[in-house]
Amino acid sequence: MSSISGPQSPSELYRASVERTAEANTYLGGFVRSLEFELDDFQREACKSLQAGRGVLVAAPTGAGKTIVGEFAIYLALQRGLKAFYTTPIKALSNQKYFELSDKYGLHNVGLLTGDTSINGEAPVVVMTTEVLRNMLYADSDSLDDLGYVVMDEVHYLADRFRGAVWEEVIIHLPSEVQVASLSATVSNAEEFGAWLDTVRGQTDIIVSEHRPVPLWQHVMVGRNIVDLFAGETPFDEIAPPDADAAEPVLSAEAASQRGFEVNPELLSMAKAESQMNFRGRFGHGGRSQRRQHGQQGRENPSASGEQRSPVRKASRPQVIASLDRQDLLPAITFIFSRAGCDAAVAQCVSAGLWLTTEKEQRIIAMRVDEAGQDIPSEDLDVLGFWSWRDGLLRGLAAHHAGLLPTFKEVVEKLFAEGLVKAVFATETLALGVNMPARSVVLEKLEKFNGEAHVGITAGEYTQLTGRAGRRGIDVEGHAVVLWQPGTDPAAVAGLASRRTYPLNSSFRPTYNMSINLLAQFGRPRAREILESSFAQFQADRSVVGLAKQVRSREESLAGFRKSMTCHLGDFTEYARLRRELSDAENVAARGQSRARKSLTEDSLSRLLPGDVIDVPTGRAPGFAVVLSSDHTSREPRPAVLTMDHQLRRIGIHDLEGPVSPVTRIRIPKSFNAKVPKSRRELASSVRNAIRENRPPAPDSSRHHDFGRAAALPDQERKIAELRRALRSHPCHGCSEREDHARWSERWWKLRQETDGLIRQIQGRTNTIAKTFDRVCDVLFSYGYLETAESGKVVIGPDGQRLRRIYGEKDLLISQALRQGAFDDLDAAEIAALASILVFQAKREDRGLRPRMPSVSLETSVDIVVQEWSALEDTEEANKLPLTGEPELGLMWPIFKWAKGRHLQEVLSGTDLAAGDFVRWVKQVIDLLDQLAKIPGLDPRIARLCSEAITLVRRGVVAYSTVA
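The numbering of the sequence shown is the numbering used here, which starts it at 341 and goes up by one.
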């Protein structure tokens, strides 16, 4: 593995110069001449690997220039007359890369393929989402002919638990002659990932750069002041050494200092003062009147309501931007982990009268914005928030999140890249690959909502977000700014900033579509082998190697323990086994007797009657007591009694040492009133007389038990007696060193149990992916998608062939819906609505009651889908597979109305859908309808209606949100 982390010595520089002279006549030389800048060393080394015919994994910080390596792969393809595919994880990045490459190589040489867009798909260079390439591979598309290079941008996305498996599918299935250039953010296990690539793709060079071309400085904004996070001159490359491990805990201030950098003492003092303020507020000073006042003013008093207080007044969003502007730190991206927060931030800055643009810039922005909006129907402009969006842009302010119309996002990205928009408020999706570098990045908070709870961001996420700071070729340095919040720990922030790597872990698992495609192409034995070559299994196997090493070490220790417990009189292993069995049996008996005693004690309490006199041995008031009222019905009976010192109380099993029986009995007068002291004294006197006279309790056969006998466990006692006899008769029982041997035996037994646990872990991790594949196949067999021929070969049925062309998280459910006729009696608009329930995923809080259906036929179809989902979930649960998501009905009415030609405002009325979300989901519906229309052998009527449905919904904002 090559690691390039800093400046080179004079001799290294001279050697590099000689090599550059030699490469002048190579493809790389021609590529370098086409650039307006010199390549960095890691870029040059990666390009050399590609030129030499090897694959390459490039791991480098955000903004370091990894994509140059991908562009060289494209250059090589064009020079050699081959095709190149450039894959990205998100459509926005695909669109952006398409425009960049089109500008460089011409529109006729570059194509774009996403789920809903197809432009020049047979061009020599095609930009696409990774799923499109996966689908091509399974369909054995002719477009794969002459493919020479595949660039996998943001390849670390394979860790994504929802979509990450697609990256592994592509890497595994690409033809062996295709060279792969994998571009990744800095990950802590690049060597492991590269070793896997080397295994499945052939020779792959691993090139890791730890160097940021633009130094990154870390700050905390306290009030309106920007304070350095670290004391002294400490840029990015120094605070995070190459071996910084993402798994380390957050650093303390002392640990940070030991690592070679020091947290700014000013920040530490502020954190200490804040902590003392909150401590005094909760526990400290002030008399009764002050505490009463705090109680009355709890709503206004932060400490009374549990909120953190701070000696620093937090800056508002407009004040933050104004402070950055004063210190020449714009343009800036402020990450806010909320769409509503992003929109609110723009509105707050506008309301504060913030202007960041000149009159000339405003004219340019107005022209660009009006061009983007000229095709939007006037009736849609208001519902899209066009005018407030335009007003913000004119001031140099914008939001960027998934709820925005794609067209609006593209305008924001272009204006920001040109320096016309100065402040963007964005959600974290912007950090996933869209090329929007800034001079500064601001983090409002260091925690986010992950769908279930508010959690702190990881060191890897912090790196990904702050990596946008510093524009290469424009800025001398970049700046990361964390806003001071009550409770901020400067050492924790320093810990995040000092660990910029994070591990890349596979999320791969076989799906129904993947499994049936593998079976169709390779057969079951070969399909299992292919799955076992996945990165997921590679990582599992590597962990198994470590576990196996531990097992071998422990087995050696076990052999030594076994030798130390050897007895000259007999087999001490057998004797130790008898001792353990006896100990276990005695423990079981003791627990059994304890449970039986508790049960019998509860039973005896429930049988007590008013007038029974009992002897209470323990508790708060031991001694004689008379029962005043019974408690027959409670799970833990607590009858009321009167003690001899005239106290009223209830007794339970904790007051007794075992079952209780009446020692005598008295009659409680009808006139007795427990609230009257005289009545209590007279009744206590009656109890003393009965005890003195030794009156017998009332005869009641149902209350007489031999409790000791009932508590006995005869079988267990017999087993204990037999083990004791066997132990005494064993030859080793008479050994003078018996207890010494026993100590070694205990050590041996404990280590044996631990070792067996490790062996079980190894067995659980071995062939895990193939075992999941077998369970998936079992489900497909149960549904008749797979059959076994007379020859024993697995055969794919007609329904299985249809499943091969359905891609998505609900692939088998979609296939079952087709199979059961859910699409048969619908028109085009209803088909679009039904497709929506098979792709839409509502937020948890948005899920509600089932809505009324737009038509009777659609209600019947939805019933079929829901019934099939319920049956499928039961089957998956029985086969220990992840469950298919429930069909979501929240998009059905909006899609139906849209397909019927209603206006956007009417479609979105009564929903929580933002226009951008609606467009995004409609595009996914179009993607599914397009898949269905192209399934070989599908009923021609359904295929035609799917195509008609696409035409109905691809209009208005959906149509002009597609790259053209």
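Quick reminder that beta carbons are idealized off the backbone N, C-alpha and C, glycines included.
Here the structure is a predicted model, which means the values were calculated and not measured.
Look up Leu949 in the DSSP assignment and say whether it is helix, strand or coil.
Translated into positions along the sequence shown, residue 949 becomes position 609. For Leu949, the secondary structure class from DSSP, reduced to helix, strand or coil, is coil.
Terminal residues of the beta strand (DSSP E) in which Ser780 lies:
For the purposes of this step, residue 780 is identified with residue 440 of the sequence shown, where counting begins at 1. Ser780 to Leu783 is the extent of the beta strand (DSSP E) around Ser780.
Look at the alpha carbon of Leu664 and the alpha carbon of Glu508, and state the distance between them as a whole number of angstroms.
What you label residue 664 is simply residue 324 of the sequence shown in a count that begins at 1. What you label residue 508 is simply residue 168 of the sequence shown in a count that begins at 1. For Leu664 and Glu508, the distance between alpha carbons rounds to 42 Å.
Name the residue from Pro957, Pro979, Ala930 and Gln933 whose alpha carbon lies nearest to the alpha carbon of Pro950.
As a working note, residue 950 is residue 610 in the sequence shown. With distances taken between Cα atoms, Pro950 lies closest to Pro979.
Could you compute how far the alpha carbon of Val399 sits from the alpha carbon of Gly461?
What you label residue 399 is simply residue 59 of the sequence shown in a count that begins at 1. What you label residue 461 is simply residue 121 of the sequence shown in a count that begins at 1. Looking at the sequence provided, one finds Ala at residue 399 rather than Val. Those two C-alpha atoms are separated by around 29 Å.
In whole angstroms, what separates the C-alpha of His986 from that of Ala1061?
Position 646 of the sequence shown, counting from 1, holds the residue named residue 986. Position 721 of the sequence shown, counting from 1, holds the residue named residue 1061. Approximately 49 Å, taken between the alpha carbons.
Judging by CA-CA distance, which residue of Lys406, Ser374, Ala364 and Thr366 is the nearest neighbour of Asp381?
Taking the sequence shown and counting its residues from 1, one reaches residue 381 at position 41. Nearest option by C-alpha distance: Lys406.
Between the stretch 1163-1179 and the stretch 1193-1208, are three or more C-beta pairs nearer than 8 Å?
yes
Relative to the alpha-carbon of Thr674, which residue among Ile661, Phe901 and Asp668 has its alpha-carbon at the smallest distance?
Working through the sequence shown from its first residue, we reach residue 674 at position 334. Cα-wise, what sits closest to Thr674 is Ile661.
Closest Cα partner of Gln1245 within the set Ser874, Glu719 and Leu1269
Within the sequence shown, numbered from 1, the residue matching residue 1245 stands at position 905. Of the listed residues, the one whose Cα sits closest to Gln1245 is Glu719.
Starting from the Cα of Thr1224, find the closest Cα among Arg812, Met1232, Asp1214 and Trp1233 and give me that residue.
Position 884 of the sequence shown, counted from the start, is the residue given in the question as residue 1224. Nearest option by C-alpha distance: Asp1214.
Tell me whether Cys1286 counts as near the ligand COA, meaning its Cβ is closer than 7 Å to at least one heavy atom of that ligand.
With respect to the ligand COA, the structure offers nothing, as it holds no ligand at all.
Give the DSSP bridge partners of Asn365, in chain order.
Mapped onto the sequence shown, residue 365 falls at position 25. Asn365 is not bridged to any residue.
Quick one: Cα of Leu330 to Cα of Ala463, how far?
Since the first residue of the chain shown is 341 and the last is 1304, residue 330 is not available in this structure.
Beta carbon of Ser944 nearer than 8 Å to that of Ser1011:
Against the sequence shown, residue 944 aligns to sequence position 604. Against the sequence shown, residue 1011 aligns to sequence position 671. For the pair Ser944 and Ser1011, the CB atoms are not nearer than the 8 Å cut-off.
Separation of Val372 from Ala392, as counted between CA atoms
In the sequence shown, counting from the first residue as 1, residue 392 sits at position 52. In the sequence shown, counting from the first residue as 1, residue 372 sits at position 32. So the two alpha carbons sit approximately 16 Å from each other.
Under the DSSP definition of a beta bridge, which residues are partnered with Cys907?
Within the sequence shown, the letter at position 567 stands for residue 907. Beta-bridge pairing links Cys907 to Gly910.
Out of Leu514, Leu1091, Thr469 and Val466, which one is the CA nearest neighbour of Gly900?
Counting from one through the sequence shown, the residue named residue 900 turns up at place 560. Measuring from the Cα of Gly900, the nearest candidate turns out to be Leu1091.
Does the contact criterion of 3 or more C-beta pairs under 8 Å hold for the stretch 803-814 versus the stretch 551-559?
yes
Looking only at its own chain, which residues have a Cβ that is under 7 Å from the Cβ of Ala1110, when we skip the five neighbours before and after it?
The sequence position of residue 1110 within the sequence shown is 770, counting from 1. Within the same chain, Ala1110 has close Cβ partners Arg868, Leu871 and Glu872.
What did DSSP end up calling Pro642 once you bin it into helix, strand or coil?
Taking the first residue of the sequence shown as 1, we reach residue 642 at position 302. At Pro642 the pLDDT is 45, less than 50, meaning the model places this residue with poor confidence; the figure from the coordinates comes in the next sentence. Correct three-state label for Pro642: coil.
Less than 8 Å separating the beta-carbons of Leu1312 and Ala1169?
Past the boundaries of the shown model lies residue 1312; the chain is included only from 341 to 1304, so the question cannot be answered.
Tell me, to the nearest whole angstrom, how far the beta carbon of Asn604 is from that of Ala571; I am working on the premise that it is less than 8 Å.
Indexing the sequence shown from 1 puts residue 604 at position 264. Indexing the sequence shown from 1 puts residue 571 at position 231. Between Ala571 and Asn604 the Cβ distance is about 5 Å, and since that is below 8 Å, they are a contact.
Would you report the Cα separation of Leu441 and Phe425, rounded to the nearest angstrom?
Residue mapping note: residue 441 aligns to position 101 of the sequence shown, counting from 1. Residue mapping note: residue 425 aligns to position 85 of the sequence shown, counting from 1. Leu441 and Phe425: Cα-Cα distance of roughly 12 Å.
Strand pairing of Asp545, partner residues [DSSP]:
Numbered from 1 along the sequence shown, position 205 holds the residue referred to as residue 545. Val396.
Residues of its chain near Ile1290, where Cβ-Cβ distance is below 6 Å and the 5 sequence neighbours each way are ignored
Mapped onto the sequence shown, residue 1290 falls at position 950. Ile1266 and Leu1269, listed in sequence order.
Burial state of Glu352, where buried means 16 or more other Cβ atoms lie within 10 Å:
Stepping through the sequence shown from its first residue, residue 352 is reached at position 12. So Glu352 counts as exposed.
CA-to-CA distance, Lys903 to Ser897, given in whole angstroms
Looking up residue 897 in the sequence shown gives position 557. Looking up residue 903 in the sequence shown gives position 563. Those two C-alpha atoms are separated by around 10 Å.
Determine the DSSP secondary structure at His741, reduced to helix, strand or coil.
For the purposes of this step, residue 741 is taken as the residue at position 401 of the sequence shown. His741 falls in the coil class under three-state DSSP.
State yes or no: is the C-beta of Asn845 within less than 8 Å of the C-beta of Tyr1147?
Here residue 845 is taken as the residue at index 505 of the sequence shown, counted from 1. Here residue 1147 is taken as the residue at index 807 of the sequence shown, counted from 1. Not closer than 8 Å, so no.
Going by DSSP, what residue range makes up the beta strand (DSSP E) through Ser969?
Along the sequence shown, one-based indexing puts residue 969 at 629. Looking at the DSSP string, the run of the beta strand (DSSP E) that includes Ser969 is Gly963 to Ser969.
Excluding five sequence neighbours on each side, which residues of the same chain lie with their C-beta closer than 6 Å to the C-beta of Gly1015?
Locating residue 1015 in the sequence shown gives position 675, counting from the first residue. Here the sequence assigns Lys to residue 1015, which means Gly is not the residue at that position. Apart from the 5 residues on each side of it in sequence, Lys1015 has no Cβ closer than 6 Å to any other Cβ in its chain.
When the Cα atoms are used, what is the spatial distance from Ile954 to Gly932?
One-based indexing of the sequence shown puts residue 954 at position 614. One-based indexing of the sequence shown puts residue 932 at position 592. Taking the straight line from one Cα to the other gives about 26 Å.
Distance check for Phe878 and Leu1178, CA to CA, integer angstroms please.
For this step, residue 1178 is matched to residue 838 along the sequence shown. For this step, residue 878 is matched to residue 538 along the sequence shown. Taking the straight line joining both Cα atoms gives about 33 Å.
Skipping 5 residues on each side, what residues in its chain have a beta carbon closer than 8 Å to that of Asp715?
Walking along the sequence shown from the start, residue 715 turns up at place 375. Correct list, in chain order: Tyr1300.
I'd like the span of the alpha helix (DSSP H) that includes Ala1172, first residue to last.
If you number the sequence shown from 1, residue 1172 lands on position 832. Taken as a continuous stretch (DSSP letters only), the alpha helix (DSSP H) holding Ala1172 covers Ala1168 to Ser1176.
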